[in-house]
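Structure record follows, encoded as structure tokens.
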Amino acid sequence: MDLAGILTWGAFTYPVAFLVTDTTNRLFGMGLARRVVVVGFAFGVALTLIAALGIAAGVSQSGALSLWQALLRDPDAFAMLRTALASGTAFLVAQLLDIKVFDVLRQQTWWKAPAASSLIGSFVDTLIFFFLAFAGTGLPWASWAAGDFCAKLLMIGLLLLPFRIIVRTYTFKRENVSRPNWQNNL
Numbered sequence: 059m060d061l062a063g064i065l066t067w068g069a070f071t072y073p074v075a076f077l078v079t080d081t082t083n084r085l086f087g088m089g090l091a092r093r094v095v096v097v098g099f100a101f102g103v104a105l106t107l108i109a110a111l112g113i114a115a116g117v118s119q120s121g122a123l124s125l126w127q128a129l130l131r132d133p134d135a136f137a138m139l140r141t142a143l144a145s146g147t148a149f150l151v152a153q154l155l156d157i158k159v160f161d162v163l164r165q166q167t168w169w170k171a172p173a174a175s176s177l178i179g180s181f182v183d184t185l186i187f188f189f190l191a192f193a194g195t196g197l198p199w200a201s202w203a204a205g206d207f208c209a210k211l212l213m214i215g216l217l218l219l220p221f222r223i224i225v226r227t228y229t230f231k232r233e234n235v236s237r238p239n240w241q242n243n244l
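My numbering numbers the first residue of the sequence shown as 59 and each following residue consecutively.
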């Protein structure tokens, strides 16, 4: 089964980003989780813009266009630029929303905060990304978005167990390190 026509890499990588954000939020709080998101945002957008500039540089060298003209006029370079902006916007909005939803649900049963925040964040991420990247192109972006969201739901479910294991392991180690040795043997 060829999934390339219906899924993007984001269907698999973004749930991992939500796992990192939720784990950071649970263990270290909203402040550090926000900083992690900002660094991830800057890194992701920079890499995509470098790729777009690389495409534009090839186009500008083969024609009479400047780098910036090629970036805006070449369909491949412009698509990469549009994808970078869509991806960065979707990532930043969805991750910051995820952090807030997680914090509101933090005191609930262990799985509710990561499941609900990742579900809501993934939905918002999917809508923003596919609309900004593909609306008006004539491509079947709505069906791509539906497929991506379904894959993200599956990944969210699968990543709840690693979330639980990481949080429990870290919390257990932190509690045992903070107690005097004689208390660990009681």
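Every residue gets a Cβ at the ideal spot worked out from N, C-alpha and C, and that includes glycine.
- About 13 angstroms separates the CB atoms of F160 and S180; that is not less than 8 angstroms, and the two are not in contact.
- The beta-carbon distance between S145 and F187, rounded to whole angstroms, is 6 angstroms. This is short enough to meet the 8 angstroms contact definition.
- Under the three-state reduction of DSSP output, P198 falls in the coil class, being neither helix nor strand.
- Pairing A209 with F76 gives a Cβ-Cβ distance that is not under 8 angstroms.
- Within the region 102-181, the complete alpha helix (DSSP H) segments at least 4 residues long are 125-131, 133-163, listed from N- to C-terminus.
- Between T82 and Q165, the alpha-carbon positions lie close to 15 angstroms from each other.
- Cβ-Cβ separation between M88 and I157: approximately 6 angstroms, consistent with a contact (criterion under 8 angstroms).
- Pairwise C-beta distances place the region 134-149 in contact with the region 99-113, as three or more of them are shorter than 8 angstroms.
- In terms of Cβ geometry, R92 and L154 form a close pair [threshold 8 angstroms].
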